[in-house]
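Numbering (the working numbering), first residue to last: 30 to 321.
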Amino acid sequence: MIERLAILGVGLIGGSLALALKQAGRVGRVVGYGRGRANLDEALALGVIDEIAASPEAAVAGADRVLLAMPVGAMAATFVRIAPHLADHALVTDAGSTKQDVIAAARAGLGARIARFVPGHPIAGAEKSGAAAASGDLYVGRNVILTPLPENAPDDVAAIADLWRACGAQIAEMSPVEHDLIFAAVSHLPHLAAFALVDELAGRPEAELFFRHAGSGFRDFTRIAGSSPAMWRDIALANRQALVAELDAYLSRLSAYRDALAAGDADTLMQSFSRASQARSRWHGNNTENDE
């Protein structure tokens, strides 16, 4: 039982954790802090949180568990602010989509308290944001990645894993480096591709005509371009080394497609399209899709 949970960043991710733990009867009181007062007021009215904190310092005071669910670019300053105010028994985790940069920020900001920080990443989300988008069922059947630190006690890692399991999530562990390499390919690159396509079309003089006639394929491919620009700017910059490598690989494949199209090379296109279709079918048949 978590007597007091502090959520720093009461949006879809943080709000959904709070609701899930409430539904499971695993939390006593949820304290929320965020930059937007209107969003916090709505979270309070909806029962997502039980109390609004005036500052991160006030939010974490006396908390058993603390979740940082703000954009990764804002975490460094937050670690510095909360470090002196954490209870000795408090465990801190995060929901950041990149891990190496967040861990570096935590080491710098938490100092001697770094052992109490267990890095995490719930692979769940949607293009909607804010407390109103929170759902107690968001994490059911979804993956949550933990990237434990050498300093973490096994019991503390288990406690954070248990927190997410109480929400219905499935837990996996990996190193921060492996995490960032994998998600550069399967999450960060797709978001860049969606943003790029929508931005390119939106810049055309006849953009309205294109969007008016776009169908379900365009809608499905570009859905994630409706995600928070600030959040994805921070993610892209934080994981830029791995993301640049993935962009290079993707551009190389697109260049090969261009060459095949220009040459009328049906065989090359057919072979690549078939491999991709088969791989996608295998993945979809064997796994639960996790939005982020």
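Beta carbons are placed, not taken as given, at the ideal position from N, Cα and C, and that holds for glycine.
| Asked | Found |
| --- | --- |
| C-alpha distance - Ala141 paired with Val109, whole-angstrom precision | 12 Å |
| Collapsed DSSP secondary structure at Arg262 in the structure displayed | helix |
| Per-residue DSSP class, three states only, for Leu75 | coil |
| Leu69 classed as buried or exposed, judged by whether at least 16 other C-beta atoms fall within 10 angstroms | buried |
| Reference Ala285; option with closest CA among Met299, Ala274, Val273 and Leu272 | Met299 |
| Validate contact between the region 237-248 and the region 67-83 using beta carbons, cut 8 Å, 3 pairs | no |
| CA nearest to the CA of Pro179, picked from Trp193, Ala195, Met203 and Asp296 | Met203 |
| Those runs of the alpha helix (DSSP H) which lie wholly inside the region 162-224 and span at least 4 residues | 183-194 and 205-212 |
| Range covered by the alpha helix (DSSP H) that runs through Pro85 | Pro85 to Val89 |
| Thr122, DSSP secondary structure in three states | strand |
| Residue(s) in a DSSP beta bridge with Tyr279 | Note: Tyr279 sits in no beta bridge, so no partner. |
| 7 Å CB neighbourhood of Arg194 in its chain, flanking five on each side removed | Ile200 |
| Chain-order list of residues whose beta-carbon lies under 8 Å from that of Pro148 (same chain, five-residue window excluded) | Thr122, Asp123, Gly125, Lys128, Val131, Ile132, Ala135, Leu175, Thr176, Pro177, Leu178 and Pro205 |
| Residues bridged to Gly149 (per DSSP) | Leu175 |
| Arg241 - containing beta strand (DSSP E), residue span | No beta strand (DSSP E) contains Arg241, which is instead part of the alpha helix (DSSP H) from Ala236 to His242. |
| Strand pairing of Val273, partner residues [DSSP] | Paired residues: none, contrary to the question. |
| Unbroken alpha helix (DSSP H) run spanning Val109, endpoints | Met104 to Ile111 |
| Which residues DSSP lists as bridging Leu97, in chain order | Leu37 and Asp123 |
| For Gly246, three-class secondary structure by DSSP | helix |
| Rounded separation between Gly44 and Ser164 - CA only | 7 Å |
| Three-state secondary structure (DSSP) of Arg58 | strand |
| Cut-off 7 Å between Cβ atoms - residues of its own chain near Asn268, not counting five sequence neighbours on either side | Thr127, Asp209, Ala213 and His217 |
| Whole-angstrom distance between Leu266 and Ile31, CA atom to CA atom | 34 Å |
| The alpha helix (DSSP H) enclosing Leu139, as first and last residue numbers | Gln129 to Leu139 |
| Span separating the alpha-carbon of Ile81 from that of Gly91 | 14 Å |
| C-alpha distance - Val56 paired with Pro258, whole-angstrom precision | 32 Å |
| Endpoints, the alpha helix (DSSP H) within which Met299 is located | Ala295 to Asn315 |
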